[in-house]
């Protein structure tokens with residue numbers, strides 16, 4: 001698939017998504033790498049645009065340069081954003097009580113603290129994406145590792161084998177502490193994301209270094 005076809009598929013995907021104003025998003029493609037520009041209303045919308053691009057066949061990579069411009073002339077104060085974030089986290093059953101700390105600077109939210117599982121780490125971030133005034137999120141929440149590297153590697157290899165979309169992929173796994181490195185080849189960005197998700201689902205994974213090539 002050529003770059004013009006990929007660009008048209010991306011534009012169609014953005015236009016079809018009701019939560020996005022596609023007229024405010026620019027798309028260019030070079031050698032399968034998609035560059036997104038323009039502006040959206042929330043951080044959640046920016047991530048939605050990125051997700052649409054990753055689902056398009058032929059896309060080899062994404063350069064994200066979309067700006068978040070909150071609706072209205074009044075910018076939400078950082079202390080108010082922090083209060084809203086803490087309230088949302090408090091009512092999220094997947095996030096352990098008092099495990100996550102919050103810092104806000106010019107609308108950018110930084111999450112810190114420690115949890116036992118990556119799904120808890122992701123749940124904290126996902127739950128605050130749509131909060132008014134949030135322009136970006138840095139997830140610095142740490143994960144406490146409990147498995148030995150050998151056991152962790154075995155769990156990950158088994159998880160990768162269970163993913164049907166990775167059946168024909170060539171993926172090698174290395175583990176150092178709680179850091180997992182993936183090497184090898186996959187056939188799409190979707191397969192690459194599936195491999196990352198399988199790794200993060202294992203208990204004790206604190207970092208994933210993705211060196212997979214899309215071929």
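Numbering (our numbering), first residue to last: 1 to 215. We treat Cβ as the ideally placed atom computed from N, Cα and C, and that holds for glycine.
Whole-Å CB distance - residue i paired with residue j, under 8 angstroms assumed
i	j	result
residue 110	residue 127	Between residue 127 and residue 110 the Cβ distance is about 15 angstroms, and since that is not below 8 angstroms, they are no contact.
residue 199	residue 178	Their Cβ separation, rounded to whole angstroms, is 11 angstroms, which puts residue 199 and residue 178 out of contact at 8 angstroms.
residue 141	residue 100	6 angstroms
residue 114	residue 144	6 angstroms
residue 270	residue 11	No answer is possible for residue 270: the residues shown for the chain start at 1 and end at 215.
residue 196	residue 166	With a Cβ gap of about 11 angstroms, residue 196 and residue 166 do not count as contacting.
Same chain only: Cβ atoms within 7 angstroms of residue i, ignoring 5 sequence neighbours per side
i	result
residue 211	181, 182, 183
residue 105	78
residue 17	48, 52
residue 15	22
Test item: CB-CB of residue i and residue j under 8 angstroms
i	j	result
residue 214	residue 60	yes
residue 50	residue 64	yes
residue 102	residue 85	yes
residue 160	residue 171	yes
residue 156	residue 194	no
residue 13	residue 32	no
residue 240	residue 56	Beyond the ends of the chain as shown, which are 1 and 215, falls residue 240; an answer cannot be given.
residue 88	residue 107	no
Residues of its chain near residue i, where Cβ-Cβ distance is below 6 angstroms and the 5 sequence neighbours each way are ignored
i	result
residue 41	71
residue 209	181
residue 185	170, 213, 215
Beta-carbon contacts of residue i that lie in its chain and below 8 angstroms, excluding the five residues immediately before and after
i	result
residue 36	25, 26, 27, 49, 50, 53, 62, 63, 64, 65, 66
residue 117	143, 203
residue 129	42, 43, 44, 47, 137
residue 162	198
When the options are compared against residue i, the one with the closest alpha-carbon
i	options	result
residue 69	2, 44, 5	44
residue 93	83, 108, 112, 121	121
residue 149	132, 173, 133, 162	173
residue 1	29, 16, 18, 15	29
residue 96	112, 6, 38	112
residue 133	82, 91, 119, 158	82
residue 20	91, 6, 38	38
Residue i beta carbon near the ligand HEM (any heavy atom closer than 7 angstroms)
i	result
residue 158	By its list of ligands, the structure shown contains no ligand whatsoever, and the ligand HEM lies outside what it can speak to.
Which full runs of the beta strand (DSSP E) of 3+ residues lie inside the region 57 to 91, going along the chain?
Taking only runs of at least 3 residues, the beta strand (DSSP E) segments lying wholly in the region 57 to 91 are 61 to 64.
At what residue ranges does the region 124 to 208 contain a whole run of the alpha helix (DSSP H), taking only runs of 4 or more?
Runs of the alpha helix (DSSP H) inside the region 124 to 208: 149 to 162, 189 to 200.
Extract the residue ranges of the alpha helix (DSSP H) inside the region 9 to 57, only unbroken runs of 4 or more that lie entirely within it.
The region 9 to 57 contains these whole alpha helix (DSSP H) runs: 43 to 54.
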